[in-house]
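Okay, so the sequence shown: first residue is 9 according to the working numbering, each after it adds one. For glycine and all other residues, C-beta sits at the position ideal for the given N, C-alpha and C. Fair warning: this is a prediction, and the values are worked out from it, not measured in the lab.
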Amino acid sequence: MNHVPTLFRDPGQRGADVLLQPYWADARPAVPSFADAGRALPREADVVVVGAGLTGVEAARVLADAGRDVLIIDAGRPGDGASTRNAGQVGRNFKHSFGDLSETLGIDTAKSYFTELRAAYDSLAALGAQAGSAIGWRKCSRVIAAMSAEHLARLHVEYEKRALSLGEEVEFLDASQITQELGSPLYKGGVRIIENGAIHPGMYYEFMHDRTLAAGARVVGNTPVQAVTPEGDRFEVTTSRGRIRCRNVLIATNGYTGDEFAWFKHRLAPINSYMIATEPLPEAVWQDILPKRRTYHDNRRRAHFMTFSPDGTRLLFGGRTGSDPASLRGIAKRLHADLRYLFPALDDVRISHAWTGRCAATRDLFPHVGVNPAGLHYALGYCFSGNAMGPYLARKAAALILGNRDEAHTLFDSARFPVVPAPARSRWMMPLMMGYYAWADRPKGLARAI
Ligand SMILES: Cc1cc2nc3c(=O)[nH]c(=O)nc-3n(C[C@H](O)[C@H](O)[C@H](O)COP(=O)(O)OP(=O)(O)OC[C@H]3O[C@@H](n4cnc5c(N)ncnc54)[C@H](O)[C@@H]3O)c2cc1C
């Protein structure tokens, strides 16, 4: 741990002393292991990977294992994107429900998508079984809670279908059973998904990063890529510290994709989300609010989500997704108020950390992997499910670069990667849209908007 924050309690001071960085960052080495940032860049590489999050480092590992000379370049400190800012939940979900996909694409295609989600989950669960506490792995199952009878009915329909068609093991929770999971008067029931897990995003990222270095790839931080230009059968990558020629480029910039990659930027809607960490809570409080220490979220479109620190002491709570990041302190205050409203036993709780991270949604709400018309490979657009999906699709992208067609096969391979209309990508649209979702999905009779 590199910091013992001053906590705050007094409403007048709320936000004054909170540490504005991810709680997970406390577990990342204080001295970055990316010492090569000061050295000259190589002039040549087989593959340049742009973006050193989970996607970038996992693709690079596979490529390096196959004997490619790989350079990963990040604009900031490698890992400082969403990969070390998230809630650490690991499941087999994405933005489409199984029920909706079955109706629109047919049950067989829906099953195939969920088979891939399962493959992505299984692979991270296998890593968790092997690496254990080195990535903060916990197999803790997940509760999705409903805030109204209507939300509960929708949840039950979806999970009955999944249990029947996908064999997912679930437990349906009624109004009294949910109170044994969540000490809040606001939940009307829910579903517990037995096979789910959680990681510590900071430790998970460091593990994946170090494994990639051990495979022989090089990682360079604090070096924004400014342009990639095709040159015959190669590419010239222009960075803030020089140019590199390479055979392949993989774009792994997800929510942080900028104007330098316009083709990708036009296909991604960036979305900010927010989290706070509480001070360590006494065991008696845990017994009141989350006695079983699982991961949680509700089923509104602008949901709250919760997990706990691997040492079991702190609650990590997120939401207010889509809000404008201009005032992190202000949003942290609102999240703090949400938390105290949901859990009366936490009325006195203080928070130690607040942070934001950015994800990317796509127009069709599917992640996409493939090669764009200019020959750039990519894996992007996980819509808040990248802990397992990011590395999974990174391996697909790497297989595509290596020409391993069978291994590269995935339903997320994009013959079509639709543009997101410009207004939907504007800074103001996402706060408006998510604000609308919060209003439209609001449970009746709440004393305040959440
Ligand atoms: C608050 C929050 C909660 C979440 N909760 C969960 C969860 O519980 N479970 C889950 O599965 N997923 C969750 N997610 C989503 C998950 O974190 C992401 O899907 C995943 O981390 C994406 O990884 P990535 O490597 O693709 O992108 P990132 O980790 O965001 O990395 C992209 C990198 O690209 C770099 N970059 C951008 N442009 C350039 C450039 N021009 N040159 C060089 N580098 C560049 C950036 O600096 C950044 O480091 C959450 C996300 C957030 C924000």
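Problem - Buried or exposed by the 16-neighbour rule on C-beta atoms within 10 Å, applied to residue 398 - result: Translated into positions along the sequence shown, residue 398 becomes position 390. That one is buried.
Practice task
Please report the residue range of the beta strand (DSSP E) in which residue 306 lies.
Solution key: Counting from 1 along the sequence shown, the entry for residue 306 is found at position 298. Note, residue 306: beta strand (DSSP E), 303-306.
Practice task
Reducing DSSP to helix, strand and coil, say where residue 9 ends up.
Solution key: One-based indexing of the sequence shown puts residue 9 at position 1. With a pLDDT of only 33 at residue 9, under 50, the local geometry of the prediction cannot be trusted, and no value is derived from it.
Exercise for the section: Starting from residue 205, follow its DSSP beta bridges and name the residues at the other end. Expected result: By one-based count along the sequence shown, residue 205 stands at place 197. According to DSSP, which records beta bridges pairwise, residue 205 is partnered with 98.
Exercise for the section: State buried or exposed for residue 31, treating a residue as buried only when at least 16 other CB atoms are found within 10 Å of its CB. Expected result: Translated into the one-based positions of the sequence shown, residue 31 becomes position 23. The residue in question, residue 31, is buried, as its Cβ has 16 or more Cβ neighbours within 10 Å.
Practice task
Please check the pair residue 410 and residue 387, which I expect to be a contact at CB under 8 Å, by giving their CB distance rounded to whole angstroms.
Solution key: Start at 1 with the first residue of the sequence shown, and residue 410 comes out as number 402. Start at 1 with the first residue of the sequence shown, and residue 387 comes out as number 379. Not a contact, Cβ separation roughly 14 Å.
Exercise for the section: Give the straight-line distance between the Cα atoms of residue 52 and residue 254, rounded to the nearest whole angstrom. Expected result: If you number the sequence shown from 1, residue 52 lands on position 44. If you number the sequence shown from 1, residue 254 lands on position 246. So the alpha carbons of these two residues sit roughly 6 Å apart.
Problem - Stretch-stretch touch, CB-based, cutoff 8 Å, three pairs: the region 441-450 with the region 306-317 - result: yes
Problem - ligand 1 heavy atom lying under 8 Å from the CB of residue 237 - result: By 1-based counting over the sequence shown, the position of residue 237 is 229. Answer for residue 237: no, Cβ out of range of ligand 1.
Practice task
Would you mind stating whether residue 206 and residue 146 have Cβ atoms separated by less than 9 Å?
Solution key: The residue labelled residue 206 in the question sits at position 198 within the sequence shown. The residue labelled residue 146 in the question sits at position 138 within the sequence shown. Contact: yes.
Exercise for the section: Using a threshold of 9 Å, state whether the C-beta atoms of residue 278 and residue 368 are closer than that. Expected result: Sequence index remark: in the sequence shown, residue 278 carries index 270 (1-based). Sequence index remark: in the sequence shown, residue 368 carries index 360 (1-based). Yes. Within cutoff.
Handout entry: Near ligand 1: residue 141 beta-carbon under 8 Å from a heavy atom
Key = What you label residue 141 is simply residue 133 of the sequence shown in a count that begins at 1. No, since every heavy atom of ligand 1 falls outside the 8 Å radius drawn around the Cβ of residue 141.
Practice task
Report whether the distance from the Cβ of residue 400 to the nearest heavy atom of ligand 1 is below 8 Å.
Solution key: As a working mapping, residue 400 is identified with position 392 in the sequence shown. No, since every heavy atom of ligand 1 falls outside the 8 Å radius drawn around the Cβ of residue 400.
Problem - Close Cβ partners of residue 439 (< 6 Å) along its chain, the five nearest in sequence each way excluded - result: Reading the sequence shown from its first residue, position 431 is the one you call residue 439. Closer than 6 Å at Cβ, skipping near neighbours: 330, 331, 332.
Practice task
Please work out which residues of its chain come closer than 6 Å, Cβ to Cβ, to residue 159, disregarding the five sequence neighbours upstream and downstream, and give them in chain order.
Solution key: In the sequence shown, counting from the first residue as 1, residue 159 sits at position 151. Hits under 6 Å: 307.
Problem - Environment of residue 97 [buried if 16+ CB atoms lie within 10 Å] - result: The residue labelled residue 97 in the question sits at position 89 within the sequence shown. It counts as buried.
Handout entry: Between the CA atoms of residue 223 and residue 302 - distance to the nearest angstrom
Key = Indexing the sequence shown from 1 puts residue 302 at position 294. Indexing the sequence shown from 1 puts residue 223 at position 215. When rounded, the distance between both Cα atoms is 34 Å.
Practice task
Report yes if the C-beta of residue 256 is less than 8 Å from at least one heavy atom of ligand 3; otherwise report no.
Solution key: What this structure holds is ligand 1, not ligand 3.
Handout entry: Other residues of its chain near residue 150: CB distance less than 8 Å, five sequence neighbours each side excluded
Key = By one-based count along the sequence shown, residue 150 stands at place 142. Answer for residue 150: 97, 99, 200, 201, 204, 302, 303, 304, 305, listed in chain order.
Handout entry: Residues that residue 314 bridges to, as DSSP identifies them
Key = In the sequence shown, the residue the question calls residue 314 occupies position 306. Its beta-bridge partners are 304, 325.
Handout entry: Option nearest residue 169 by Cα separation, candidates 105, 441, 355
Key = Taking the first residue of the sequence shown as 1, we reach residue 169 at position 161. Checking every option, the nearest Cα to that of residue 169 belongs to 105.
Exercise for the section: Check residue 361 in the structure and name its three-state DSSP category. Expected result: Counting from one through the sequence shown, the residue named residue 361 turns up at place 353. DSSP places residue 361 in strand when its eight states are reduced to three.
Problem - Bounding residues of the alpha helix (DSSP H) (the contiguous stretch that carries residue 336) - result: Residue numbering aside, residue 336 sits at position 328 when the sequence shown is read from its first letter. Residues 336-350.
Handout entry: Local Cβ density within 10 Å of residue 394, reported as buried at 16 or more and exposed below that
Key = As a working note, residue 394 is residue 386 in the sequence shown. Residue 394 comes out buried.
Practice task
Please state whether DSSP places residue 295 in a helix, a strand or coil.
Solution key: In the sequence shown, counting from the first residue as 1, residue 295 sits at position 287. Helix, per DSSP.
Exercise for the section: Return yes when the C-beta of residue 283 is under 8 Å from any heavy atom of ligand 1, and no when it is not. Expected result: Taking the first residue of the sequence shown as position 1, residue 283 is located at position 275. Flag set: Cβ of residue 283 near ligand 1.
Practice task
Please go through the same chain and pick out, in chain order, the residues whose beta-carbon is closer than 7 Å to the beta-carbon of residue 43, but skip the five residues on each side of it.
Solution key: As a first step, residue 43 must be located in the sequence shown, where it is residue number 35. Confidence in residue 43 is poor, its pLDDT being 48 and thus under 50, which makes the residue's placement too unreliable to answer from.
Handout entry: Cβ shell of residue 121 (< 7 Å), same chain only, five flanking positions each side left out
Key = Here residue 121 refers to the residue found at position 113 of the sequence shown. The residues are 109, 419.
Practice task
Output the distance between the C-alpha atoms of residue 213 and residue 91, rounded to the nearest integer angstrom.
Solution key: The residue given as residue 213 occupies position 205 in the sequence shown. The residue given as residue 91 occupies position 83 in the sequence shown. Roughly 7 Å between the two C-alpha positions.
Handout entry: The beta strand (DSSP E) enclosing residue 428, as first and last residue numbers
Key = Here residue 428 refers to the residue found at position 420 of the sequence shown. Premise fails: residue 428 is in no beta strand (DSSP E) and is neither H nor E.
Problem - Short Cβ contact (9 Å threshold) for residue 60 with residue 250 - result: Mapped onto the sequence shown, residue 60 falls at position 52. Mapped onto the sequence shown, residue 250 falls at position 242. No, they are not a contact pair.
Exercise for the section: Ignore the nearest five residues each way along the sequence and tell me which others in residue 4's own chain have a CB closer than 7 Å to its CB. Expected result: In the structure displayed, the chain extends from 9 to 458; residue 4 sits before or after that span and is not available.
Problem - residue 143, enclosing beta strand (DSSP E) - first and last residue - result: Taking the sequence shown and counting its residues from 1, the one referred to as residue 143 is at position 135. It is not in any beta strand (DSSP E) - residue 143 carries neither H nor E in the DSSP assignment.
Exercise for the section: Grab the span of the beta strand (DSSP E) containing residue 281 for me, first residue to last. Expected result: Within the sequence shown, the letter at position 273 stands for residue 281. First-last of the beta strand (DSSP E) with residue 281: 277-286.
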